[in-house]
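Chemist: For the sequence shown, our numbering assigns the number 1 to the initial residue and increments by one for each residue that follows.
For glycine and all other residues, C-beta sits at the position ideal for the given N, C-alpha and C.
Just so you know, these numbers come straight off a predicted model, no measurement behind them.
Here you go, one structure.
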Amino acid sequence: MDKIIIKGAKENNLKNIDLEIPKNKLVVITGVSGSGKSSLAFDTIFAEGKRRYFESLSSYARQFLGGNDKADVESIEGLSPTIAVDQKSTNQNPRSIVGTITEIYDYLRVLFARVGTPFCPNGHGQIKSQTPKQIADFLFSLPPRSKVQILAPIEIKKGYKINEVLNNLRSQGYLRVLVNNEVYQLDENLPQFLDNKKTDIAIIVDRLVLNIDHQTKTRALDAIEFALNYSGGEIAFKVDDNIHYFTQNDVCRVCGFKIKEIEPTLFSFNSPIGACEQCKGLGYNYVPDERKMIPNPNLSINEGGLDYFKNTVNTTNLDWQRFNSIIKHYKIDKTKPLKELDRKEIDLLLYGSDEAIEIDITSANNKNYSSIDYVEGVLELVNRRYQETSSEMAREHYNKYMSEKVCKSCKGKKLSPQALSILINEINIIDFIEKNINEGIDFLLHLQLSEAQAKIANPILKEVLDRLGFLKNVGLEYLTLARPASSLSGGEAQRIRLATQIGSKLTGILYVLDEPSIGLHQRDNDKLIKTLKEMRDLGNTVIVVEHDEETMLAADYLIDIGPQAGVNGGYVIAAGTPQEVMQNPNSLTGQYLSKQKDILVPKTRRSGNGHKIILKGAKHNNLKNVDLTIPLGKFICVTGVSGSGKSSLILETLVKAIEYTNFNPFVIPGEYKDLIGASNVDKIVVVNQDAIGRTTRSNPATYVGVFDDIRTVFENTIEAKARGYTKSRFSFNIKGGRCERCWGDGTIRIEMHFLPDVYISCEECHGKRYNDETLQVKFKGKSIYDVLKMPIDEALVFFENYPSIHRKLQLLVDVGLGYLELGASSTSLSGGEAQRIKLAKFLQRKPTGKTLFVLDEPTTGLHIDDVAKLIKILNKIVDGGDTVLVIEHNLDLIKVADYIIDVGPEGGNNGGKIIATGTPEQLLIKKDISYTAQYLEKYLKKN
1 MDKIIIKGAK ENNLKNIDLE IPKNKLVVIT GVSGSGKSSL AFDTIFAEGK
51 RRYFESLSSY ARQFLGGNDK ADVESIEGLS PTIAVDQKST NQNPRSIVGT
101 ITEIYDYLRV LFARVGTPFC PNGHGQIKSQ TPKQIADFLF SLPPRSKVQI
151 LAPIEIKKGY KINEVLNNLR SQGYLRVLVN NEVYQLDENL PQFLDNKKTD
201 IAIIVDRLVL NIDHQTKTRA LDAIEFALNY SGGEIAFKVD DNIHYFTQND
251 VCRVCGFKIK EIEPTLFSFN SPIGACEQCK GLGYNYVPDE RKMIPNPNLS
301 INEGGLDYFK NTVNTTNLDW QRFNSIIKHY KIDKTKPLKE LDRKEIDLLL
351 YGSDEAIEID ITSANNKNYS SIDYVEGVLE LVNRRYQETS SEMAREHYNK
401 YMSEKVCKSC KGKKLSPQAL SILINEINII DFIEKNINEG IDFLLHLQLS
451 EAQAKIANPI LKEVLDRLGF LKNVGLEYLT LARPASSLSG GEAQRIRLAT
501 QIGSKLTGIL YVLDEPSIGL HQRDNDKLIK TLKEMRDLGN TVIVVEHDEE
551 TMLAADYLID IGPQAGVNGG YVIAAGTPQE VMQNPNSLTG QYLSKQKDIL
601 VPKTRRSGNG HKIILKGAKH NNLKNVDLTI PLGKFICVTG VSGSGKSSLI
651 LETLVKAIEY TNFNPFVIPG EYKDLIGASN VDKIVVVNQD AIGRTTRSNP
701 ATYVGVFDDI RTVFENTIEA KARGYTKSRF SFNIKGGRCE RCWGDGTIRI
751 EMHFLPDVYI SCEECHGKRY NDETLQVKFK GKSIYDVLKM PIDEALVFFE
801 NYPSIHRKLQ LLVDVGLGYL ELGASSTSLS GGEAQRIKLA KFLQRKPTGK
851 TLFVLDEPTT GLHIDDVAKL IKILNKIVDG GDTVLVIEHN LDLIKVADYI
901 IDVGPEGGNN GGKIIATGTP EQLLIKKDIS YTAQYLEKYL KKN
């Protein structure tokens, strides 16, 4: 069968759709946000493919994999084995890195174990082990008649006393030993050796006068063999007053640095054999952080400025009384904001006194005690408690004051000194994975190996180079293999999984992808499209949920879902080749692709308010001593290929430098020389893609503050007043109105121990979160639960006569989120949705004319029509006098900016420079060096 035939798909908002999708093609499903794209691709096609696979397994295997409900669809025919490559986060394990999730690091461990060369980390050169023949050859190369003692060195194990070791040797029948280069007869009385001093002991196996006769050679070889066997591969020759050490093991002959057996496990930071002993392979330790101890420097000590003591200030708490001795002795003002104290006073509070001071303690029964002692600061106190406690609850409490700090022992490299001392072409395994993908490929292609090494290494190198090449082809050449998996964006994680799938070279598979172009510059997007076509050409069906115009035009088959979001979506508006969709008058996507509708380039660009912020000498991460000028009162876009340094420049340096200068001296920005004009900004609003809450209790209604107003509406109903219910009755966080079985969650968590926890609907409230009495209160025939289940578009009409509610909901609709349920769990929202909810909340405030809005890729997950709505909102902010600074790849948004800052020219070490600035039209002058300008030219000409 050459088609996937879907009949009666009704999952989520899909309207009983019938659809035929050609197989072995690149198929793009598009439509406005919330129209039902993911419901078709993931919740119907992939879910059904996954369910059928599970049903092919034995009942024994299925019990470990959990239930897989049938998708709400009448039938699907022609379904191949399905693999979803979505944007869900990768493994959050702190030990997981790009190298491990792609399995490249496993190949590198084998490579370094088999062809790596050990070197002494103390600068004594290459560590070479010797064969018994090489050891014997040295002995026989000595001048004839040389007097030689053949020694078997002995390692004194921990806990053993030196004299006990010597007595044990005596009982074994040995006659002589060498102790610290002195000969002792074991049959005589021995002195008492000190056990706390370094002592070298060796058995004198034989004493020879070297001759070339057969008998002497045989005797010498026997002694060598015995010494090597007895000492585990160690041997020494004392010739006159000189001692010559030899070993069959990897040990430095100068300082004795020893390497364990060189096997792949030595290079694993997940194994106690290879991991750094101090940080256990994490590369960092937890240490107290003064920024977390003083989250608000505007507060005084009495007001709780030292977070650890905020509830015990001026009480009889023993920790506080002891700590208060510092404040009394050094006369520190407890009423003064912490930011007004000098650095010496802050250091005393945090790190304690460097002299013994008087300590006064009043006990619970009002007895007074005095003493003279050193007093630890609050950070030292927290650190000691953190190290000493065995309670997980206490550790969690202290942990909120701790931050990760690079391990002093391994300098963040995770591995033991032994593993780090093994080099290939002068670098160790961590040095290699800290190179970006391009640099790694270049290093391996120019590797200098001996003929014997090359024979071993070539099969491994082929696997590593293939996998690095796949990562490069999906636009990830700026990443390093050492990058923590937890720090990857959803788009990066997805493209890594995509590269892994390409490497598997499977055929006959149905791949379902979720917006793989997110976070990609247009240059890298061309590579991605080429990769998707390669997957198709292997004999696979590739279904992509996507908004990117170039990807849609490259598709073999395009499906447009709509016409709108939520309940007003779920229909197949158009399906066919991109050209056929463009000719369909009902398709909103087709109208944009054919340019019947378009986001127009403004006729004029704003000149701004004349003020500027100037950042000088930025050197954070890959930034090359950059000078940055931000003209205020404009709509500004920061562009550049992935990994070029946009986030390092804006989020890590500029934003934090302004925060440090204007608001919080405990913020640590990236390295820079100077910041000029920070006084031109009185508020900075960063709208990123982090979740709006960490629990299921947070939702759009609670985040923007509209839920309080809605609860007030229910409080004022006749039924609520008759029953005496206040607005708190309609909160799912407070006892009274909520279901007490699930504590207002609607679900019950079942702990599965070695498997992920399972959440099931609460049997008491059936997922409705409230008790029956609360749900009996209705407003316009709807309970509080019914309102939380409403799409925001519907709620906007439902509360049209309540200005406060209507205004807040209208902002959510304006940012393109009308399709979301009011009570949608924050944990279920995408990064783009979370970002737009934050934007809606900030838009409730009146413009100040001095606010700087910073947005990180706000078009993520948006259809072209939604991008047009977003642009209107951003323009509204700038027209109100504030400044909008956007990090963005979307050319439809970039072309309408007043000012562009292009960072590049490449990613990683080849980026970090500002290569072009100005209006979009001015940027075109630099198109010989600016990739953004090269692609932007086409978008400006379209208008």
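1. Just checking, does the region 658-675 make contact with the region 614-621 on the three C-beta pairs under 8 Å criterion?
2. Assuming contact is defined by CB atoms lying nearer than 8 Å, are Y571 and P563 in contact in what I supplied?
3. Contact between the region 267-287 and the region 129-147: three or more CB pairs below 8 Å?
4. Where does the unbroken beta strand (DSSP E) through P22 begin, and where does it stop?
5. From the DSSP output, read off the bridge partner residues of S698.
6. For the beta strand (DSSP E) containing R207, list its first residue and its last residue.
7. Keeping to the same chain, check which residues put their C-beta closer than 6 Å to that of F754; ignore five residues upstream and five downstream.
8. Alpha carbon to alpha carbon, how far is A691 from K634? Give it in angstroms, no decimals.
9. Near T726, what residues of its chain come up, given a Cβ to Cβ distance below 7 Å and the 5 sequence neighbours on each side ignored?
10. So what does Q149 bridge to, in DSSP terms?
11. Below 6 Å CB to CB, which residues in the same chain sit around I259 once its five sequence neighbours on both sides are set aside?
12. Going by DSSP, name the residue or residues bridged to E404.
13. Taking the alpha carbon of A555 as the point to measure from, which residue in N910, T30, S129 and T335 has its own alpha carbon closest?
14. Could you tell me whether the Cβ atoms of K472 and N428 are closer together than 8 Å?
15. Grab me the residues of L449's own chain with a C-beta within less than 7 Å of its C-beta, minus the 5 sequence neighbours each way, in chain order.
16. Can you check which of these residues, L79, I5 and K7, is closest to N540 by C-alpha distance?
17. Which of the three DSSP states, helix, strand or coil, is assigned to L855?
18. Among D240, E182 and Q130, which one has its Cα closest to the Cα of G233?
19. Among P700, Y703, H863 and T774, whose alpha-carbon lies nearest the alpha-carbon of I734?
20. For the region 738-747 against the region 756-771, do three or more pairs of beta-carbon atoms, one drawn from each stretch, fall closer than 8 Å, so that the two count as touching?
21. Shortest alpha-carbon distance to I518 belongs to which of Y899, F842, N890 and I430?
22. For N368, write down the residues that DSSP places opposite it in a beta bridge.
23. Express the C-alpha separation of S421 and A113 in angstroms, rounding to a whole number.
24. Report the three-state DSSP secondary structure of L755 (helix, strand or coil).
25. If I'm right that C120 touches C279 with Cβ under 8 Å, what's the distance once you round it to whole angstroms?
26. For I1012 and V239, I'd like the C-alpha separation in whole angstroms.
27. Check whether the Cβ of G569 lies closer than 7 Å to any heavy atom of the ligand NAD, and answer yes or no.
28. Classify L445: buried if its beta carbon has 16 or more other beta carbons within 10 angstroms, exposed otherwise.
29. First and last residue of the beta strand (DSSP E) that includes P337?
30. Compute the Euclidean distance between the alpha carbons of T531 and S828, then round it to the nearest angstrom.
31. Looking at I573 and V27, is the spacing between their C-beta atoms short of 8 Å?
32. Based on the DSSP secondary-structure assignment, which residues constitute the bridge partners of V183?
33. Report the three-state DSSP secondary structure of Q776 (helix, strand or coil).
34. Strictly under 8 Å for the Cβ-Cβ distance: is P272 near chain B by that measure?
35. By the three-class DSSP mapping on this structure, what secondary structure does Y105 have?
36. Who pairs with E821 in a beta bridge, going by DSSP?
Modeler: In terms of the structure at hand:
1. Segment contact: the region 658-675 against the region 614-621, three or more CB-CB distances shorter than 8 Å; contact assigned.
2. A contact, by the Cβ cut-off of 8 Å.
3. Look at the beta carbons and you see the region 267-287 not touching the region 129-147: under three pairs across the two are nearer than 8 Å.
4. Per DSSP, P22 belongs to the beta strand (DSSP E) from I17 to P22.
5. Beta-bridge pairing by DSSP links S698 to no other residue.
6. Under the DSSP assignment, R207 falls in the beta strand (DSSP E) whose first and last residues are I201 to V209.
7. In this prediction, F754 scores a pLDDT of 46, lower than 50, which makes its location untrustworthy; no coordinate-derived value is stated.
8. C-alpha separation (whole angstroms): 28 Å.
9. Here the set comprises E715.
10. Paired residues: R207 and K238.
11. Sequence-distant partners of I259 (beyond 5 residues in either direction) whose C-beta falls short of 6 Å from its own C-beta, in its chain, are P118, D250 and Q418.
12. Assignment of beta-bridge partners to E404 by DSSP yields Y286.
13. The shortest Cα separation from A555 among N910, T30, S129 and T335 belongs to T30.
14. No. Outside cutoff.
15. Correct list, in chain order: V115 and A457.
16. When only C-alpha atoms are compared, the closest one is L79.
17. Strand.
18. For the residues D240, E182 and Q130, the minimum Cα distance to G233 belongs to Q130.
19. When the alpha-carbon of I734 is set against those of P700, Y703, H863 and T774, the nearest one is in T774.
20. Segments in contact, yes.
21. Ranked by Cα distance from I518, the options Y899, F842, N890 and I430 are led by N890.
22. Residue pairing by DSSP places N368 opposite T362 in a beta bridge.
23. The alpha-carbon atoms of A113 and S421 are separated by roughly 12 Å.
24. Confidence at L755 is low in this model, with a pLDDT of 49, below 50, so the placement of that residue is unreliable and no value is reported for it.
25. With 8 Å as the limit, C120 and C279 do not qualify as a contact, their Cβ atoms being about 23 Å apart.
26. Outside the displayed range of the chain (1 to 943) lies residue 1012, so it cannot be described from this structure.
27. As far as ligands go, the structure on display features none, and thus does not contain the ligand NAD.
28. So L445 ends up on the exposed side.
29. Following the DSSP letters along the chain, one finds P337 in no beta strand (DSSP E), marked with neither H nor E.
30. Taking the CA atoms as reference points, T531 sits about 29 Å from S828.
31. No.
32. Its beta-bridge partners are L178.
33. Three-state result, Q776: coil.
34. Absent here is chain B; the protein component of the structure consists of one chain.
35. Helix at Y105.
36. For E821, the pairing in a beta bridge is given by DSSP as P791.
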